[in-house]
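Working notes, structure below.
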Amino acid sequence: PERILPPLLALLLVLGPAAPCVPQPNVTRFVCTEPTLSTFPAGLPPATLAISVEFTALATLPPSALAGLPQLQELHLSSNRLATLPEALLSPVPTLRVLDLTDNLLADLPAGIFAGAGRLQHLVLRGNRLRALQPAWFQHLPQLEWLDLAANALAEVPPAVFRPLHSLQSLHLSHNQLASLAPGALDGLQALERLDLEGNRLGTLPPTAFAPVPALRFLFLQDNELLALPAGIFTPLRHLRVLDLAGNRLQALELPPRPPGPRLDLDISGNPWACECQLLAELRQAAPQLATSRNTLCASPTRHQGREVAAVIQAGDTSC
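Heads up: the sequence shown runs through residues 253 to 572, numbered per our numbering.
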């Protein structure tokens, strides 16, 4: 005799497997992390405020992907397979504040991709394949506060490329391929408080590199190839609280003026310091809070070789 399937099981067999990540009505936040998803979900409620489609197989987006979502404020598209974006993608979402495209395959972006995104505050492009920065990207982002371009393939920062970003507070350029920083690269960033250049190939910096960013409080230059720094390079940075120069090839150092309040948090470990009178006097006068002092060693002169810089300062040098 034929077996009679239960009605619910029979219905499931007819309909097939449920589509992943089906939008629900009256829900303002949509989250999908289905690894097999390859098409951007359609039918999202017009009141949607935030979308997270991450860790999927999504490789393309149609120009109309965000049509009908006029209230959207956050779009998280990290860890997908996006290699290109349509220029009109953000046109339907003028209220967008957060865009996260971390860990995709983007080698370039359309020139006008952000033309209609004037309220954007956080833009994350970390972990892509960007090789060059286009000035057009940043011309219409007056409210941008956070820009993350880390872990790309950027070889240069064109002069004044960030000039329209008057509100920018944090700029992340770590783990790119920057061998130098052009004069004027930071022009216009008068509100910048945090600059991360860790893990590049910087061999030197222009004398006026930090003149455009007097509000800077956190500066990360560790793990580069810095051999020497121009005299007075840190003089404009009267609000600096953290300076990381670890893992370079520096022998001498001139610190920024000591600000009132907490001492400068300074990491100069992993450099071949020449513990001569000038360096010792500079560190004694500035009295920074030295991080990882065990790894902050003198490479010369012979009488101090291998000693901790902090110990030499504390003991004093009778030849100075």
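All residues carry an ideal CB built from backbone N, CA and C; glycine is no exception.
Since the structure is predicted, the reported quantities are computational estimates derived from the model, not experimental observations.
Item                                                                                                                                                                       : Value
Between which two residues does the alpha helix (DSSP H) containing A563 stretch?                                                                                          : V561 to A567
Under 8 angstroms by Cβ, that's how I've got E326 and V305 pegged, so tell me the actual separation to the nearest angstrom.                                               : Going by Cβ atoms, the distance from E326 to V305 rounds to 12 angstroms, so no, they are not a contact pair.
Could you check which residue in T347, E534, G370 and R381 has the C-alpha nearest to that of L353?                                                                        : R381
Should L263 be labelled buried (16 or more other beta-carbon atoms within 10 Å of its own) or exposed?                                                                     : Confidence at L263 is low in this model, with a pLDDT of 38, below 50, so its placement is unreliable and the value that follows should be read with caution. By the 10 Å Cβ count, L263 comes out exposed.
Who are the near neighbours of F462 in its chain, counting only those whose CB is closer than 6 angstroms to its CB and skipping five residues on each side?               : P488 and L489
Take L385 and list the residues in its own chain whose beta-carbon comes closer than 7 angstroms to its own, dropping the five residues that flank it on each side.        : L406, V409, P410 and V413
For C273, which of helix, strand or coil comes out of DSSP?                                                                                                                : coil
Tell me whether A526 sits in a helix, a strand or coil according to DSSP, three-state version.                                                                             : strand
Using the Cα positions of L260 and Q276, report the straight-line distance between them to the nearest angstrom.                                                           : Any answer about L260 is weak, because its pLDDT of 44 lies below 50 and its placement is not dependable; what the coordinates show is given next. Cα to Cα, L260 sits roughly 22 angstroms from Q276.
Using DSSP bridges, identify the partner residues of Q541.                                                                                                                 : D517
Can you tell me whether DSSP reads F390 as helix, strand or coil?                                                                                                          : helix
For the pair the segment 386 to 401 and the segment 324 to 340, tell me if three or more CB-CB distances fall below 8 angstroms.                                           : no
With DSSP as the reference, please indicate the residues paired to V409 in a beta bridge.                                                                                  : In the DSSP output, where bridge partners are listed per residue, V409 has none listed.
Could you say which of D439, L358 and H427 lies nearest to L377 if we only look at CA atoms?                                                                               : L358
Give a yes or no on contact between the segment 317 to 333 and the segment 283 to 301, applying the rule of three or more CB pairs nearer than 8 angstroms.                : yes
Taking the straight line between their C-alpha atoms, what separation do you get for C550 and G522?                                                                        : 10 angstroms
Grab me the residues of L478's own chain with a C-beta within less than 8 angstroms of its C-beta, minus the 5 sequence neighbours each way, in chain order.               : L454, G455, T456, L457, L497, N500, R501 and L502
Straight-line CA distance for T280 to T300?                                                                                                                                : 4 angstroms
Just confirm the distance between the C-beta atoms of S422 and A402, as a whole number of angstroms; I'd bet it's less than 8 angstroms.                                   : In fact, because the Cβ distance is near 11 angstroms, the residues do not count as touching under 8 angstroms.
What are the start and end residues of the beta strand (DSSP E) that includes S439?                                                                                        : Here residue 439 turns out to be Asp, not Ser, going by the sequence shown. From DSSP, D439 is part of no beta strand (DSSP E); its letter is neither H nor E.
For Q391 and S343, I'd like the C-alpha separation in whole angstroms.                                                                                                     : 15 angstroms
Assign T288 to buried or exposed, taking buried as 16 or more other Cβ atoms, counted over all protein chains shown, within 10 Å of its Cβ.                                : exposed
List the whole-angstrom C-beta distance separating E450 from F472, where the pair is believed to meet the contact cut-off of C-beta under 8 angstroms.                     : 5 angstroms
Just the Cα atoms here: how many angstroms apart are Q442 and A467?                                                                                                        : 7 angstroms
Indicate whether at least one CB of chain D lies closer than 7 angstroms to the CB of R515.                                                                                : The displayed structure is made up of one protein chain only, and chain D is not part of it.
Could you spell out where the beta strand (DSSP E) holding A311 opens and where it closes?                                                                                 : Note, A311: premise wrong, no beta strand (DSSP E); not H, not E.
Would you kindly work out how many angstroms separate the C-alpha atoms of A431 and N476, rounded to a whole number?                                                       : 9 angstroms
Please specify which runs of the alpha helix (DSSP H), each continuous and at least 4 residues long, are wholly inside the segment 346 to 370, giving them in chain order. : none
Counting only the same chain and skipping the five closest in sequence on each side, list residues whose C-beta sits under 7 angstroms from that of D547.                  : Here residue 547 is Asn; the residue named in the question, Asp, does not match the sequence. So the list reads S521 and G522, once near-sequence residues are dropped.
Roughly how many whole angstroms lie between the Cα atoms of T312 and Q429?                                                                                                : 27 angstroms
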